[in-house]
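Novice: The numbering of the sequence shown is my numbering, which starts it at 2 and goes up by one.
Virtual Cβ for every residue (Gly too), placed ideally from N, Cα, C.
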Amino acid sequence: MRTRVAVKKSEQFSSAYMELYPLIFSSVLARIGNRDDADDICQEIFMIFYDKFETIENNRTWLYGTMKNVLLNYYRKKSKTVNIDDDFDGIGHVFTNGTRDTRILLSQAMEGIECSEEDRILLDMVATYNFTYSHVAEVLGRTRRQVEYRYGTLVKRIQDYLEHKGIKDIAELL
Numbered sequence: 002m003r004t005r006v007a008v009k010k011s012e013q014f015s016s017a018y019m020e021l022y023p024l025i026f027s028s029v030l031a032r033i034g035n036r037d038d039a040d041d042i043c044q045e046i047f048m049i050f051y052d053k054f055e056t057i058e059n060n061r062t063w064l065y066g067t068m069k070n071v072l073l074n075y076y077r078k079k080s081k082t083v084n085i086d087d088d089f090d091g092i093g094h095v096f097t098n099g100t101r102d103t104r105i106l107l108s109q110a111m112e113g114i115e116c117s118e119e120d121r122i123l124l125d126m127v128a129t130y131n132f133t134y135s136h137v138a139e140v141l142g143r144t145r146r147q148v149e150y151r152y153g154t155l156v157k158r159i160q161d162y163l164e165h166k167g168i169k170d171i172a173e174l175l
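1. For Y65, count neighbouring C-beta atoms within 10 Å of its own C-beta (all shown protein chains included) and say buried if the count is 16 or more, exposed if not.
2. With H, G and I counted as helix, E and B as strand and the rest as coil, what does DSSP make of R143?
3. Roughly how many angstroms lie between the CA atoms of I159 and R5, to the nearest whole one?
4. Taking the continuous alpha helix (DSSP H) assigned at I49, which residues delimit it?
5. For the alpha helix (DSSP H) that contains K78, what are its first and last residues?
6. Can you list, in chain order, the residues of its chain with a C-beta nearer than 8 angstroms to that of I33? Leave out the 5 residues immediately preceding and following it.
7. Among the candidates M68, P23, F47 and M111, whose CA atom is the shortest distance from the CA of A138?
8. Give the single residue among K53, E164, N35 and G167 whose Cα lies nearest to the Cα of K79.
9. Taking 9 angstroms as the threshold (C-beta atoms), are T67 and F50 in contact?
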């Protein structure tokens with residue numbers, strides 16, 4: 002019979018998993034481009050996460066650090082040379098042109114429009130990594146039409162926010 006502590010740990014882990022898995026999965030998939038390998042890597046990350054769950058203070062930070070290490074091992078096994086620190090610079094806040102100032106401004110814009118974590122993932126996958134709406138819909142468990150509409154709405158809200166800040170054209174950021 003399971004103890005109350007085990008049940009509580011299981012419930013807390015499940016909640017953290019539901020919140021953070023889409024973010025970790027999209028980050029892994031964007032870096033390696035293979036859905037099966039991304040599933041395997043995420044499984045490994047979350048198995049380690051479960052084992053250490055009770056000792057972790059900041060789940061998101063810990064998961065990104067672990068993801069970095071697991072991906073480094075993946076790259077080594079595949080004999081792929083990569084500068085892992087460059088690959089993870091500004092993780093989760095990258096935009097098409099990739100400059101740090103633009104990423105900071107867009108991150109502020111997303112905070113200014115009260116962008117949800119799912120919106121950030123959607124924007125990152127479509128704008129940064131050029132995923133199709135269909136693929137993003139599959140990852141997020143939405144329909145293609147929902148993703149397309151949500152992305153259009155996000156872009157419009159970010160444009161309005163930037164215009165309010167005096168930036169009328171995204172080219173001004175480059």
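Specialist: On the basis of the data shown:
1. If you draw a 10 Å sphere on the C-beta of Y65, you find 16 or more other C-beta atoms in it, and that means buried.
2. Coil.
3. In a straight line, the C-alpha of I159 is about 45 angstroms away from that of R5.
4. From DSSP, the alpha helix (DSSP H) with I49 extends over R36 to K53.
5. K78 -> alpha helix (DSSP H) spans N60 to K78.
6. Correct list, in chain order: A39, I42, L72 and Y75.
7. That would be P23, whose Cα lies nearest to the Cα of A138.
8. Of the candidates K53, E164, N35 and G167, N35 places its Cα closest to the Cα of K79.
9. Yes, the pair counts as a contact, with Cβ atoms nearer than the cut-off.
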